[in-house]
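2 protein chains.
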Amino acid sequence: MSASIEIAQGYQFGSLHCGIKKESGKRDLTLIASDRPATAAGVYTQNLVCAAPVLLDRERTPGGSLRAIVVNSGVANACTGDRGMDDARKMGDLTGQALGVEGEQVLVMSTGIIGEFLPMDEIAGGVVKLAPMLQSTEEATIDAATGMMTTDTVHKLASRKIEIDGHTIRLTGMAKGAAMIGPNMATMLGLVVTDAALAPEDAQRLLLAAVEDTFNCISVDGHTSTNDTVLLMANGAAGGSTLEGESLDLFAVALQEICEELAKSIPSDGEGATHLITVDVSGCANKASARKIAKTIADSPLVKTAVTGADPNWGRIVSAAGYAGVPFATDRVTLYVNGFLLYENGVPVAFDEGPVSVSIRDKRDTAIDIRFGDGDATAKFWTTDLTAEYVRLNADYRT
Amino acid sequence: MSASIEIAQGYQFGSLHCGIKKESGKRDLTLIASDRPATAAGVYTQNLVCAAPVLLDRERTPGGSLRAIVVNSGVANACTGDRGMDDARKMGDLTGQALGVEGEQVLVMSTGIIGEFLPMDEIAGGVVKLAPMLQSTEEATIDAATGMMTTDTVHKLASRKIEIDGHTIRLTGMAKGAAMIGPNMATMLGLVVTDAALAPEDAQRLLLAAVEDTFNCISVDGHTSTNDTVLLMANGAAGGSTLEGESLDLFAVALQEICEELAKSIPSDGEGATHLITVDVSGCANKASARKIAKTIADSPLVKTAVTGADPNWGRIVSAAGYAGVPFATDRVTLYVNGFLLYENGVPVAFDEGPVSVSIRDKRDTAIDIRFGDGDATAKFWTTDLTAEYVRLNADYRT
Chain V
1 MSASIEIAQG YQFGSLHCGI KKESGKRDLT LIASDRPATA AGVYTQNLVC
51 AAPVLLDRER TPGGSLRAIV VNSGVANACT GDRGMDDARK MGDLTGQALG
101 VEGEQVLVMS TGIIGEFLPM DEIAGGVVKL APMLQSTEEA TIDAATGMMT
151 TDTVHKLASR KIEIDGHTIR LTGMAKGAAM IGPNMATMLG LVVTDAALAP
201 EDAQRLLLAA VEDTFNCISV DGHTSTNDTV LLMANGAAGG STLEGESLDL
251 FAVALQEICE ELAKSIPSDG EGATHLITVD VSGCANKASA RKIAKTIADS
301 PLVKTAVTGA DPNWGRIVSA AGYAGVPFAT DRVTLYVNGF LLYENGVPVA
351 FDEGPVSVSI RDKRDTAIDI RFGDGDATAK FWTTDLTAEY VRLNADYRT
Chain S
400 MSASIEIAQG YQFGSLHCGI KKESGKRDLT LIASDRPATA AGVYTQNLVC
450 AAPVLLDRER TPGGSLRAIV VNSGVANACT GDRGMDDARK MGDLTGQALG
500 VEGEQVLVMS TGIIGEFLPM DEIAGGVVKL APMLQSTEEA TIDAATGMMT
550 TDTVHKLASR KIEIDGHTIR LTGMAKGAAM IGPNMATMLG LVVTDAALAP
600 EDAQRLLLAA VEDTFNCISV DGHTSTNDTV LLMANGAAGG STLEGESLDL
650 FAVALQEICE ELAKSIPSDG EGATHLITVD VSGCANKASA RKIAKTIADS
700 PLVKTAVTGA DPNWGRIVSA AGYAGVPFAT DRVTLYVNGF LLYENGVPVA
750 FDEGPVSVSI RDKRDTAIDI RFGDGDATAK FWTTDLTAEY VRLNADYRT
């Protein structure tokens, strides 16, 4: 992050090592607090096997009076049964006590190893120590993003500043996630805090829409984790009335942008990845079809390895679209890779492989642009290539 | 193939190098002929983008008067438009002429590079030379299976001999396929010829049922190719009347067995694979759910890399089931890997990792046995692990 971070007003951030990541001694507890009750919304994993903090936060969002988000990394608190639920609830209560607010006003996130219980003594000690250390500085924001990391190689932050109705509104977002590596170092977590004032139902609706086209359109290995969560808090500290109408639309655009920036940073940090691949699908009969095709192409190991090898292999891309389970006019399919036309209206185009291959090899970003002739619907997916290094990381990692 | 091959009566086999695989000079044209009209059935790729020979064979099956199957390897004749259709038809006609039968009595299969046209002069010369060379020997059968190969490291043959109503019935099957490697060296091809007498509609129904639980339950990289085809020919040369009732059921069992043996040989020969993984799903509400869960686990790169690394990572398996999009009782899920109980009724079991890891490492076959408490439906999928070698093969292969 070279650019400075816009910090939403009325929030304080921080993290520390409380003792979960025993071996590395890295930061494993993050806390973000609002100085006043805030609206909160959440979007969660659709995996049937979901973690205790997901179940807890689902009860509490959308809500109108939240005060904090506490996050631990290192242990996912998933597949932990009733004791896991008690622990998640206790983690919220301990945080509430440390901040002088109600336990029910706290949202909880966990990421890390599945099937282990949270070390509650470490967490109890951690929140007591962390609560008085929180700050509204850029450094504290970076610390907070760092405390969420598991296998990430970089912290992931994004922010926006916009003017709405004469008020300066800020959004500060952070995320973690690289891939589902290791013994279930699962999970993508994202959160955005803003000083705008939002009604709970609007917050929930806007967050759902933003996540649908951003966090739900990234794919490193096709796995949906037990803990995936994106939260939005809005405390109104910027002043002004609760957003509605066109003002709300302006906010929605900024929220979508920040979610897209954070979402893309996840495959971009994918284990062993050498390329960030953007799959751009257009001309489909409907949105669901466009998404299904984009996801099928993005999840294809053959498409991913073709990019790894800088191979402009249109056949793998077109045939992946063909098995997406979506009807389309095969004689109206056109494909560009990095701007080069490879396939037009169902027929391969004679092209010089050299320059296309070089453009894939030399650029970090690969653009797959596939167009159909069935309608106006579009979708975008982001993924990584698949490298021998990915396999090594995922095969060789042992508890 | 150490065991001897049962050769169905009334069929002759052979292959040669006609000139498609120019660089390697390997066999690229296979021919199988029946000495009398035969019933034929076919099951084909569900990829919307499908090859010309698939479209042609779909017109001709099920049918009651087929005489031959001609197969070329090296060029898939896919994404080749009207000219491709003309070429496929001509390939059938040329074969018919060489054998002294009608062109419409010939089924055509192609596998190899997508988007290239068949070299028709080479094929024309090939079938004329090959037709008089055909034989009913074990060597000729192996040659036929070899002529279909692309990236396969071994030819794939299976056969059965059964007694039905006092007649000895033989089934001779062959397949090709390792993965969708290279510039679209796509495709799984399979064929079974038998000297049983079958009605066309029975042949079609039995083949569809057999393929559904065998060839349609293998997954190397989740790709459905443009050319996937399984054919069945039944010429009645064993004598006896057209099978029906219990006699037909006996035949169906043998057909299913041979299809399973051939199907498993494909992931077993998967590029760079070090393990054949069998995913056994039971206790589901219905067959479709069981299949969906089995396929989701089999396609998961995280499950595959865990096996590569001999990591008894139950979390990856259970969470893959969780995102299959199928409802199930999460507190009734139980998982065994290579016979070791790792997860029981939704709760991780304390187990000693060492022996489980050793058993995965030392055995070629890995058994994932996941049980649900929602009903009686079962499904089985076969797949491979995912190795750095797979990535290397698929990324580095260039035209």
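Quick mapping for you: the protein sequence lines, in order, are chains V and S. Numbering-wise, the working numbering puts 375 at position 375 of the first sequence, and it's gapless, one number per residue. If you want the working numbering, it's the 1-based position in the second sequence plus 399. Every residue gets a Cβ at the ideal spot worked out from N, C-alpha and C, and that includes glycine.
In this structure, DSSP gives M547 of chain S a state outside helix and strand, which the three-state scheme calls coil. Judged by beta-carbon spacing, I293 of chain V lies beyond the 7 Å limit of I218 of chain V, meaning their Cβ atoms are not closer than that value.
A direct Cα-to-Cα measurement between Y735 of chain S and T777 of chain S gives close to 15 Å. Chain order gives the chain V residues near F727 of chain S as L48, where near means a beta carbon separation below 8 Å.
Around the CB of N227 of chain V, 16 or more other CB atoms lie within 10 Å, so the residue is classed as buried.
Contact annotation for T550 of chain S against chain V: no contact, minimum CB-CB distance about 13 Å [criterion: below 8 Å]. For A672 of chain S, none of the residues of chain V pass the 8 Å Cβ criterion, the least Cβ distance being about 12 Å. Note on geometry: alpha-carbon atoms of T628 of chain S and T296 of chain V lie some 22 Å from one another. The beta carbon of G635 of chain S sits closer than 6 Å to those of A596, all from its chain and outside the five residues before and after it, given in chain order.
The beta-carbon of A687 of chain S is placed no less than 7 Å from the nearest beta-carbon of chain V.
Pairing G772 of chain S with G682 of chain S gives a Cβ-Cβ distance under 7 Å.
As for any alpha helix (DSSP H) of minimum length 4 sitting wholly inside the region 524-608 of chain S, the runs are 537-546, ordered along the chain. Note on geometry: alpha-carbon atoms of I123 of chain V and G96 of chain V lie some 13 Å from one another. About 5 Å separates the Cβ atoms of I563 of chain S and S646 of chain S, confirming a contact at the 8 Å cut-off. The region 415-428 of chain S and the region 309-326 of chain V do not touch, with fewer than 3 CB-CB distances between them shorter than 8 Å. Look at P119 of chain V here: in three-state DSSP terms it is coil, with no helix or strand label.
DSSP, read as helix, strand or coil, puts S247 of chain V in helix. Neighbours of V790 of chain S across chain V, judged by C-beta separation under 7 Å: T305, T308, L386, T387, A388 and V391. The beta carbon of T552 of chain S is closer than 6 Å to those of D668 in its chain, skipping five residues each way along the sequence.
Checking the DSSP bridge columns, you'll see M508 of chain S partnered with S:V470. A check of alpha carbon separations from G325 of chain V across V:A98, V:S289, V:K90 and V:I277 identifies V:S289 as the nearest. Look at Y443 of chain S: its C-beta is not under 7 Å from any C-beta on chain V. Classified as exposed, A350 of chain V has fewer than 16 neighbouring CB atoms from the shown chains inside 10 Å of its CB. Contact between the region 46-58 of chain V and the region 27-37 of chain V is absent: fewer than 3 CB-CB pairs across the two stretches fall below 8 Å. Within the region 284-338 of chain V, complete beta strand (DSSP E) segments of at least 3 residues are found at 334-337, given in chain order. Using beta-carbon distances, P747 of chain S counts as an interface residue toward chain V, with a partner under 7 Å. Taking a Cβ-Cβ threshold of 8 Å, none of the residues of chain V is close to S472 of chain S; the smallest such distance is about 16 Å.
Taking the Cα positions, G463 of chain S is about 7 Å away from A598 of chain S. With 16 or more other CB atoms across the displayed protein chains lying within 10 angstroms of its CB, G309 of chain V is buried. Proximity of T383 of chain V to chain S, defined by a Cβ-Cβ separation below 7 Å, is not satisfied. It is roughly 7 Å from the alpha-carbon of E201 of chain V to the alpha-carbon of P62 of chain V. In this structure, the alpha-carbon of R170 of chain V lies about 17 Å from that of A145 of chain V. For E23 of chain V, the three-state secondary structure derived from DSSP is coil. Inside the region 42-101 of chain V, DSSP marks whole alpha helix (DSSP H) runs of 4 or more residues at positions 52-60 and 81-99, from first to last along the chain. At the C-beta level, S472 of chain S and T438 of chain S stay beyond 7 Å of one another.
The beta-carbon separation of N446 of chain S and S624 of chain S, rounded to 7 Å, stays under the 8 Å limit for a contact.
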